[in-house]
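Enquirer: My structure is below; once you've seen it, I'll send some questions.
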Amino acid sequence: MPLPIARTMTPDDRLAATHARIASAARIARRAPADITLVAVSKTHPPEAIRPLLLAGQRDFGENRVQEAAAKWPALREEFADCRLHLVGQLQSNKAAEAVALADAIHSIDRPSLIAAVARASDATGRRPDCFVQVNIGDEPQKGGCAIADLPALLAEARTAALPIAGLMCVPPAAVEPAPYFALLAKIARDHGIAGLSMGMSDDVEQAVSLGATHVRVGSALFGARA
Ligand SMILES: *Cc1c(COP(=O)(O)O)cnc(C)c1O
702 MPLPIARTMT
712 PDDRLAATHA
722 RIASAARIAR
732 RAPADITLVA
742 VSKTHPPEAI
752 RPLLLAGQRD
762 FGENRVQEAA
772 AKWPALREEF
782 ADCRLHLVGQ
792 LQSNKAAEAV
802 ALADAIHSID
812 RPSLIAAVAR
822 ASDATGRRPD
832 CFVQVNIGDE
842 PQKGGCAIAD
852 LPALLAEART
862 AALPIAGLMC
872 VPPAAVEPAP
882 YFALLAKIAR
892 DHGIAGLSMG
902 MSDDVEQAVS
912 LGATHVRVGS
922 ALFGARA
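Written out as structure tokens, the structure reads:
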């Protein structure tokens, strides 16, 4: 179970508590905590809320909008040159060049046109963010991500475009037990020989880690509730 977030917890406390959750789930799964990257999802939160986590040593951050990332991160980067920015939200192809210029990882590759746009921007700039294919693991019409059935063709497309795929990403359906979806994503990744697994958020870090997550994307447990 996730720990309740007391209002009195400082950013350092929240970070330590989240690392403790990851470490505890990793220990049970006989995994090394260092093999799991905590991505602090800072969307909607201002730089003043982000800086304390940077000062506490957190280095990987996630945003879901290119525009918001572009407004916040260049200045933070000047202060903390070694931080890494992950884009975790749906990405329009016409924002791909800006995304590639900004991000160290893109978790939401989900269609051929986006693969082409990201590959083009990577070739033009020499910047090669880690790319994750988002899978619509619960087959939900309103959600981003490629259909499970379309994944083989999309991976072939990425190979043709010389865009290496570092992992798969999913956001399971809300309000149901996520573990079966995490297990399914892990199996699909294994079937395709893909090592990275971006899965698990504030409420289900433990399940994700126990089922093989290499990247957990945690927002509210670190920053408090979003407005
Ligand atoms: C907002 C967001 C998260 C973080 O969600 P929390 O429940 O606040 O931890 C993770 N992944 C994606 C894709 C998101 O948009």
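If you're matching positions, the sequence shown starts at 702 in the working numbering and goes up one per residue.
Ideal Cβ placement from N, Cα and C applies to all residues, glycine included.
Taking all protein chains shown into account, do 16 or more other C-beta atoms lie within 10 angstroms of the C-beta of leucine 716, making it buried, or fewer, making it exposed?
Expert: Buried, since its Cβ has 16 or more Cβ neighbours within 10 Å.
Enquirer: How would you write the range of the beta strand (DSSP E) that threonine 738 sits in, first residue to last?
Expert: Counting along the chain, the beta strand (DSSP E) containing threonine 738 begins and ends at 738-742.
Enquirer: Sorry if obvious, but does the Cβ on methionine 902 come closer than 7 Å to a heavy atom of ligand 1?
Expert: Because some heavy atom of ligand 1 lies under 7 Å away, the Cβ of methionine 902 counts as near it: yes.
Enquirer: Would you mind reading off the limits of the alpha helix (DSSP H) that contains alanine 922?
Expert: Segment 921-924, the alpha helix (DSSP H) holding alanine 922.
Enquirer: Tell me which residues share the same chain as methionine 702 and place their Cβ nearer than 6 Å to its Cβ, disregarding the 5 neighbours each side in the sequence.
Expert: In this prediction, methionine 702 has a pLDDT of 49, which is less than 50 and means its spatial position is unreliable; nothing more can be read from the coordinates.
Enquirer: Check aspartate 851 in the structure and name its three-state DSSP category.
Expert: Aspartate 851: helix per DSSP, three-state reduction.
Enquirer: Which value, in whole angstroms, describes the spacing of the CA atoms of aspartate 805 and alanine 914?
Expert: Roughly 18 Å between the two C-alpha positions.
Enquirer: Mapping DSSP to helix, strand and coil, what is isoleucine 866?
Expert: Residue state, collapsed to three classes: strand.
Enquirer: Go ahead and label alanine 735 buried or exposed: buried means 16 or more other beta carbons lie within 10 angstroms of its beta carbon, across all protein chains shown.
Expert: Its Cβ having fewer than 16 others within 10 Å, alanine 735 is exposed.
Enquirer: Which value, in whole angstroms, describes the spacing of the CA atoms of lysine 744 and alanine 798?
Expert: The alpha-carbon atoms of lysine 744 and alanine 798 are separated by roughly 20 Å.
Enquirer: Check the C-beta distance from proline 813 over to leucine 855 and give it rounded, since I have them as a contact under 8 Å.
Expert: Right, the Cβ-Cβ distance comes to about 7 Å (below 8 Å), so this counts as a contact.
Enquirer: Can you look up histidine 893 in the DSSP assignment and give me helix, strand or coil?
Expert: Histidine 893 falls in the coil class under three-state DSSP.
Enquirer: On the CB-based measure, 16 or more other CB atoms within 10 Å of its CB, does glycine 758 come out buried or exposed?
Expert: Flag for glycine 758 reads exposed.
Enquirer: For lysine 773, collect the residues of the same chain with a Cβ closer than 6 Å to its Cβ; drop the 5 residues on either side in sequence, then sort them by chain order.
Expert: Hits under 6 Å: Pro748.
Enquirer: How is glutamate 878 classed by DSSP in three states: helix, strand or coil?
Expert: Reduced to three states, the DSSP call for glutamate 878 is coil.
Enquirer: Leaving out five residues before and five after valine 872 in sequence, what residues of the same chain have Cβ atoms less than 7 Å from its Cβ?
Expert: The residues are Lys844.
Enquirer: Using a Cβ-Cβ cutoff of less than 7 Å, which residues in the same chain neighbour serine 903 once the five nearest sequence positions on both sides are dropped?
Expert: Counting only Cβ-Cβ distances below 7 Å, and skipping sequence neighbours, we find Pro703, Val919, Gly920, Ser921, Ala922.
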